[in-house]
Amino acid sequence: MRKINRNPLARMLQRVHAAHIEAERTGKDSSEILAKDKEVQKQVHKQTVERNERRKFLQQAGLAAGAVAASSATPAMANVINNGNRPNKKQPKIVIIGAGAAGVRTAHRLRQYNIEADLYEGSDRLGGRMHSSSTAFDGRVIEWGGELVSTEHTALRNLCNTLSIGLEDANKLPDGMEETYLINGKLYNEHDLDREWQGGLYELFKRDQQAAPWQPTWDVNTAAHQKFDWMSTEQYLNDAGLGSNNWAHQLMMTNVVSEYGLKDDCPALNLIYTLGWTNRGSGGLPLAGTDERFHIVGGNNTVIQKMADQIGHDRIHTGKKLVAVNGKAQGPYSLTFEDGSVVDCDRLVMALPAWKNRDVQWDPRILAGMHPKRVEALQNIAGGDNGKIHVEFDTKIFNQTQTINGQEVHQSAISYSDPDEFVTTWEGNPASDSEKGILVNYTGGVRGKNLGGSEIFGAAGSQDVNRLLNDFEQIWPGAQNAFTGNAIVSNWYDHPLVNGSFTSPRIGHYTSWWGALFEDEGNLMFAGEGTDRETWGFMEGGIVSGERVATYIAQTN
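Each residue of the sequence shown is one higher than the one before, counting from 1 in full-length UniProt numbering.
See below:
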């Protein structure tokens, strides 16, 4: 499996790339193939909506409950449960640090295995980067952090099913709606992008994907991996003859800012891997990337709260920020918290954002007992510089039709800018019946590190909002007049317990230490999206890593 992508531009690029592969194979025109693919995807989307509606009906009728109960205790799970609670053996004390998706799922899964664990969280809330709000926009749910769930995110979707939490279709775009690109003050459309692809980008990415396939690690890589790992994305595009004055160069750079949260110190592999994964099971072209089709009904916090209820709130301790870990390499461990309290444990799960492990003072004996590459990973792993601004309008101003470069474009809420500008937008809570529209500005790089506003989660800074409205007016005329005055910011870069969005490889990371956090060993384990081999950077990665660690503990207890 290859890298899945979190932003619509990456998926659009992959569809264009796939169209050129098909054109090369069949001799047909790529634009004709793209048009046909859109028609196929409309049908796939229609069928998905119909399936979801029927599933909702069945759930409301109570017919799904029996199936969930009957399938909850599989033989494989029973074996692990038996291993987790061996008779006449003293059970080790287990502590989990960090109550985000990974930490809560670790404790929840252990509870399913009849193994108790205590969960400690530095803030006063659970969920970490899964953080919802229903108060900012008249009861409409928005996500301060992680937002959408993809079809292939089976761990999170299965968990929602087990917890009787519904998923709503977040991909309700009317037929034919397209992305718009505002680069260097000029508008471009998908047809302009296709022309750039025909002009050489297709051959470039085709060649380099084959030379450096997904996913290199510190111990498994090739000369091509090393070359592109130590080359910046900017240099890669320049060497390919796509200079910084070219609008497609700027769009490619925006792609990596959206996908990885940074412009500088971004390896060429990050850009190459935005085109990495394709799947011919969609019925149309090899539809690459992740579809981000679903949103969790009631908000992503619903998953966290329902797991917490099953864990037992007596096992969850908030307002407990870890500052030091002392002990031998394989324990026992003595944990010191900021309030001066000390807790001892036999097995320790660190479920913080991976880079926040550097804020903890570690006993030298513990570090000496780790594999050197694991230490290197903990010292260097980093988060992206992404943040969000939600902007409300009195209508869905983004659903317009314009002529852009001679092409009639039926616009959607999806747009992109230069890499140092707003970066990208999409529609917030598209499943809502409200006539009002919400544009989610997902920013990063320079903008992501310099968001205004007096609170981490609160009213957006007026300078940021005015700048956005000026940009939006160029893309969707009338945006300034339609603004309701309501805009909120989520500033993850300045959040003291997070300081970033999601795992983001820098130059040299893939071939130096990447993969060192993917495996568990001994009594000190690491969970979190940055420790999952395939879905790092997604909520799914947090859930999967928690399940991985819990199963490892149950099997080795």
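For every residue, glycine included, the Cβ atom is placed at its ideal position computed from N, Cα and C.
No experiment lies behind these values; they were computed from the predicted model shown.
Quiz item: With burial defined as no fewer than 16 other Cβ atoms inside 10 Å of the residue's Cβ, what is the status of Asp520: buried or exposed?
Solution: buried
Practice problem: Would you check if the distance between the CB atom of Met252 and the CB atom of Leu262 is smaller than 7 angstroms? | Solution: no
Exercise. Grab the span of the alpha helix (DSSP H) containing Gln305 for me, first residue to last.
Key: Asn301 to Ile311
Practice problem: Taking 7 angstroms as the cut-off, decide whether the C-beta atoms of His131 and Trp144 are in contact. | Solution: yes
Practice problem: Return helix, strand or coil for Met252, following the three-state DSSP convention. | Solution: helix
Quiz item: From what residue to what residue does the alpha helix (DSSP H) around Ala224 run?
Solution: Ala223 to Asp229
Quiz item: For Gln555, does the count of other Cβ atoms within 10 angstroms reach 16, so buried, or fall short, so exposed?
Solution: exposed
Quiz prompt | 7 angstroms Cβ cutoff met for Ile387 and Ser490 | solution = Contrary to the premise, residue 387 reads as Gly rather than Ile in this sequence. It is a contact, given that the beta carbons lie within the stated cut-off.
Exercise. Leaving out five residues on either side along the sequence, give the residues of the same chain with a beta carbon under 7 angstroms from the beta carbon of Ile397.
Key: Gly437, Trp476, Gly478, Ala479 and Ala482
Quiz item: DSSP three-state call for Ala61: helix, strand or coil?
Solution: In this prediction, Ala61 scores a pLDDT of 42, lower than 50, which makes its location untrustworthy; no coordinate-derived value is stated.
Quiz item: Taking only runs of the alpha helix (DSSP H) that begin and end inside the segment 346-382, which ones reach a length of at least 4 residues, in chain order?
Solution: 364-368 and 372-380
Quiz prompt | Residue from Asp192, Gln250, Val544 and His390 whose Cα sits closest to the Cα of Phe457 | solution = His390
Practice problem: With distances taken Cα to Cα, identify the nearest neighbour of Ser434 among Glu292, Leu187 and Gly139. | Solution: Gly139
Quiz item: Which ranges does the alpha helix (DSSP H) cover as unbroken runs of at least 4 residues, wholly within the segment 402-451, from first to last along the chain?
Solution: 445-448
Exercise. Enumerate in chain order the residues of its own chain whose CB-to-CB distance from Gln250 is below 8 angstroms, with the five nearest sequence positions on each side excluded.
Key: Ile183, Asn184, Ser244, Asp418 and Pro419
Quiz item: What does a CB cutoff of less than 7 angstroms around Gln402 pick up in its chain, not counting 5 residues either side in sequence?
Solution: Val409 and Gln411
Quiz item: Between which two residues does the alpha helix (DSSP H) carrying Thr233 extend?
Solution: Thr233 to Asp239
Quiz item: Under a three-way DSSP split, which group does Asp118 fall into?
Solution: strand
Quiz item: Apart from the five residues on each side of it in sequence, which residues of its chain come closer than 6 angstroms, Cβ to Cβ, to Ile96?
Solution: Gly103, Thr106, Ala107, Ala117, Leu119, Val349 and Ala351
Quiz prompt | Helix, strand or coil at Met539 according to DSSP, with G and I counted as helix | solution = helix
Quiz item: Between the segment 438-446 and the segment 199-217, do three or more beta carbon pairs fall short of 8 angstroms?
Solution: no
Quiz item: Taking the alpha helix (DSSP H) that Arg111 falls in, what are its first and last residues?
Solution: Ala101 to Gln112
Quiz item: Can you tell me whether DSSP reads Ala78 as helix, strand or coil?
Solution: Legend: pLDDT at Ala78 = 43, less than 50; position of this residue unreliable, value from coordinates given subsequently. Reduced to three states, the DSSP call for Ala78 is helix.
Exercise. Hey, could you find the ends of the alpha helix (DSSP H) Ile337 is sitting in?
Key: Here the sequence assigns Phe to residue 337, which means Ile is not the residue at that position. Taken as a continuous stretch (DSSP letters only), Phe337 belongs to no alpha helix (DSSP H), being part of the beta strand (DSSP E) at Tyr333 to Phe337.
Quiz prompt | Neighbourhood of Leu378 by C-beta, 6 angstroms cutoff - its chain only, sequence neighbours within 5 removed | solution = Asn357
Exercise. State the Cα-Cα distance for the pair Met370 and Ala329, rounded to the nearest angstrom.
Key: 7 angstroms
Quiz prompt | Residue of Phe205, Trp247 and Met307 minimising C-alpha distance to Leu269 | solution = Phe205
Self-check item: Straight-line Cα distance separating Ala248 from Leu242
Solution: 8 angstroms
Exercise. May I ask you to report which of helix, strand or coil DSSP gives Leu187?
Key: strand
Practice problem: Confirm, please, whether the CB-CB distance from Asp124 to Asn405 is below 7 angstroms. | Solution: no
Exercise. Quick one: give me the first and last residue of the beta strand (DSSP E) that Leu524 is part of.
Key: Leu524 to Phe526
Quiz prompt | Given Cys160 as reference, the closest of Thr302, Cys266, Gln112 and Glu203 once Cα atoms are compared | solution = Thr302
Practice problem: Please work out which residues of its chain come closer than 6 angstroms, Cβ to Cβ, to Ala76, disregarding the five sequence neighbours upstream and downstream, and give them in chain order. | Solution: Unreliable positioning characterises Ala76 in this predicted model, as indicated by a pLDDT of 45, which lies under 50. The coordinate reading is nonetheless provided below. Closer than 6 angstroms at the Cβ level, and outside the excluded window around Ala76, lies no residue.
Quiz item: Who are Ile316's beta bridge partners in DSSP?
Solution: Leu119
Quiz item: In the segment 139-184, which residue ranges form an unbroken beta strand (DSSP E) of at least 3 residues, counting only runs that do not cross its ends?
Solution: 140-143, 167-169 and 178-183
Quiz item: Where does Glu529 fall in DSSP's three states?
Solution: helix
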